[in-house]
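Visitor:
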Amino acid sequence: QETIELAKNVLVDAELSAEDVDEILLVGGSTRIPRVYELISNLFGKNPKNDINPDETVALGAAVQAGLKSGALSESGLIVTDVSPFSMGIAVLKESKSSALRPGGFAIIIPKNSTIPVTRSESFTTTYDNQTKVSIEIYQGEHEWVINNYKLGEFLLEGIPANIAGEEVVEVKFRYNLNGILEVHAKCISTGKEMTVTVQDALNRDSQKTLEESVEKIESLFTKAVEFEDWQEMTFFDDEDFDEEQTWESLEEEAKTHINELNKLKVTLPKKQQEQVDKITQCLLNALDKEDEDGLLDAIEEVIDFMINFES
8 QETIELAKNV
18 LVDAELSAED
28 VDEILLVGGS
38 TRIPRVYELI
48 SNLFGKNPKN
58 DINPDETVAL
68 GAAVQAGLKS
78 GALSESGLIV
88 TDVSPFSMGI
98 AVLKESKSSA
108 LRPGGFAIII
118 PKNSTIPVTR
128 SESFTTTYDN
138 QTKVSIEIYQ
148 GEHEWVINNY
158 KLGEFLLEGI
168 PANIAGEEVV
178 EVKFRYNLNG
188 ILEVHAKCIS
198 TGKEMTVTVQ
208 DALNRDSQKT
218 LEESVEKIES
228 LFTKAVEFED
238 WQEMTFFDDE
248 DFDEEQTWES
258 LEEEAKTHIN
268 ELNKLKVTLP
278 KKQQEQVDKI
288 TQCLLNALDK
298 EDEDGLLDAI
308 EEVIDFMINF
318 ES
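Under my numbering, the residues of the sequence shown are numbered 8 to 319, in order.
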């Protein structure tokens, strides 16, 4: 049944129905099991091809790809494509239902299952007056919150002209190739100031087994996801960017929300991180009890830092 579920997921990701599939090629010795053959035939309404040895399928495909890369099959007209196994994007600030800007959202730039090599870009704006830099944190995964995705790297783009919030535009371009190399390019549109970094995705390609293990490792992050309230608009954030005119009531409400979030997250964590959560929660409670606004702001910032840096 797991084989059938995986086949259905592939069809959904490819936006195809079973009837759209022309031929079915079995890969791996386990596909010789009569029940597997029967289930696949029932799902697609046709029998899989049986003229290629399932044990040799991967080797034959690798030989064809090697021939294309070497030029030996350049006149064959064959084209070999691959797809990105996970979405890739950056950490952004999003607007909550209460209109408060919160960090930690995941803005996808290259969606899962994009044919590679692929190049895509998105534009973002500054979030507060006189912002002169943006921190670009690069993530790989499927969850809407970056704390549940895999961090690939980060860099700082400086030299943005001081201007009112929303006026300066930064274009972020992702270029991803067949070797798992991701090139991230950020450019301030008004000045042409730009910066490029290159990172490796989180997949180990030394062998089919290690590749599958690394995929499972990344997928395991998503199963521990903690659901928070919905956030909406995408934009950059900076550590210094917080509402300067927040009232005590709004800070109190925000602190209580964080306490609930931390309590939900705590049960999924190892003991050492549970102790860290307890410490942060106690700081929030102490500041609330003393009505210490500065202390509460510090505690909230500590919560946000923990959420951003946390990896399951």
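No residue lacks a Cβ here, since even glycine has one placed at the ideal position from N, Cα and C.
Give the DSSP-derived three-state secondary structure of A73 in the structure shown.
Guide: Sequence index remark: in the sequence shown, residue 73 carries index 66 (1-based). Looking at A73 - three-state DSSP - the assignment turns out to be helix.
Visitor: So, does the stretch 59-77 touch the stretch 173-182, judging by three or more C-beta pairs under 8 Å?
Guide: no
Visitor: Can the beta-carbon of R109 be found closer than 8 Å to that of K101?
Guide: The residue labelled residue 109 in the question sits at position 102 within the sequence shown. The residue labelled residue 101 in the question sits at position 94 within the sequence shown. It is a contact, given that the beta carbons lie within the stated cut-off.
Visitor: Does the distance from the CB of V206 to the CB of S128 come in under 8 Å?
Guide: Position 199 of the sequence shown, counted from the first residue, corresponds to residue 206. Position 121 of the sequence shown, counted from the first residue, corresponds to residue 128. No; because the gap between Cβ atoms is not below 8 Å, this pair is not in contact.
Visitor: Which residues in the same chain as D20 place their Cβ atom closer than 8 Å to its Cβ, once the five residues preceding and following it in sequence are excluded?
Guide: On the sequence shown, residue 20 is found 13 positions in, with the first residue counted as 1. Cβ within range, chain order: K119 and N120.
Visitor: For G36, which three-state DSSP category applies?
Guide: Position 29 of the sequence shown, counted from the start, is the residue given in the question as residue 36. DSSP places G36 in helix when its eight states are reduced to three.
Visitor: Thinking C-alpha only, which one of N57, K140 and I97 is nearest V34?
Guide: Locating residue 34 in the sequence shown gives position 27, counting from the first residue. The shortest C-alpha separation from V34 is found at N57.
Visitor: Taking buried to mean at least 16 other C-beta atoms within 10 Å of its own C-beta, is K15 buried or exposed?
Guide: Position 8 of the sequence shown, counted from the start, is the residue given in the question as residue 15. Exposed, since its Cβ has fewer than 16 Cβ neighbours within 10 Å.
Visitor: Ignore the nearest five residues each way along the sequence and tell me which others in H333's own chain have a CB closer than 7 Å to its CB.
Guide: Absent from the structure is residue 333, since the part of the chain shown begins at 8 and ends at 319.
Visitor: Could you please give me the residues that DSSP links to F113 through a beta bridge?
Guide: Working through the sequence shown from its first residue, we reach residue 113 at position 106. According to DSSP, F113 bridges with A98.
Visitor: Decide if Q147 is buried, meaning its Cβ has at least 16 other Cβ atoms within 10 Å, or exposed.
Guide: Along the sequence shown, one-based indexing puts residue 147 at 140. By the neighbour-count rule (16 or more Cβ atoms within 10 Å), Q147 is buried.
Visitor: With 16 as the cutoff for other CB atoms within 10 Å, does Q138 come out buried or exposed?
Guide: Looking up residue 138 in the sequence shown gives position 131. The C-beta of Q138 has 16 or more other C-beta atoms within 10 Å across all chains shown, which makes the residue buried.
Visitor: Got a sec? Which residues, its chain only, sit under 6 Å from K194 by beta carbon, not counting five neighbours each side?
Guide: Taking the first residue of the sequence shown as 1, we reach residue 194 at position 187. E178 and E201, listed in sequence order.
Visitor: So, V191 versus I123, is the Cβ gap smaller than 8 Å?
Guide: One-based indexing of the sequence shown puts residue 191 at position 184. One-based indexing of the sequence shown puts residue 123 at position 116. No, Cβ-Cβ distance for V191 and I123 is not below 8 Å.
Visitor: According to DSSP, is E2 part of a helix, a strand, or is it coil?
Guide: This structure does not reach residue 2, given that the chain is present from 8 up to 319, and the question cannot be answered.
Visitor: What are the boundary residues of the alpha helix (DSSP H) that includes I287?
Guide: By one-based count along the sequence shown, residue 287 stands at place 280. Looking at the DSSP string, the run of the alpha helix (DSSP H) that includes I287 is K278 to K297.
Visitor: Short of 7 Å in beta carbon distance, which residues of its chain neighbour E259, apart from the five on each side in sequence? Order them along the chain.
Guide: Indexing the sequence shown from 1 puts residue 259 at position 252. These residues qualify, in order along the chain: L295.
Visitor: Would you kindly work out how many angstroms separate the C-alpha atoms of M241 and F131, rounded to a whole number?
Guide: By one-based count along the sequence shown, residue 241 stands at place 234. By one-based count along the sequence shown, residue 131 stands at place 124. A caution first: M241 carries a pLDDT of 41, below 50, which makes its placement in the model too unreliable to give a value.
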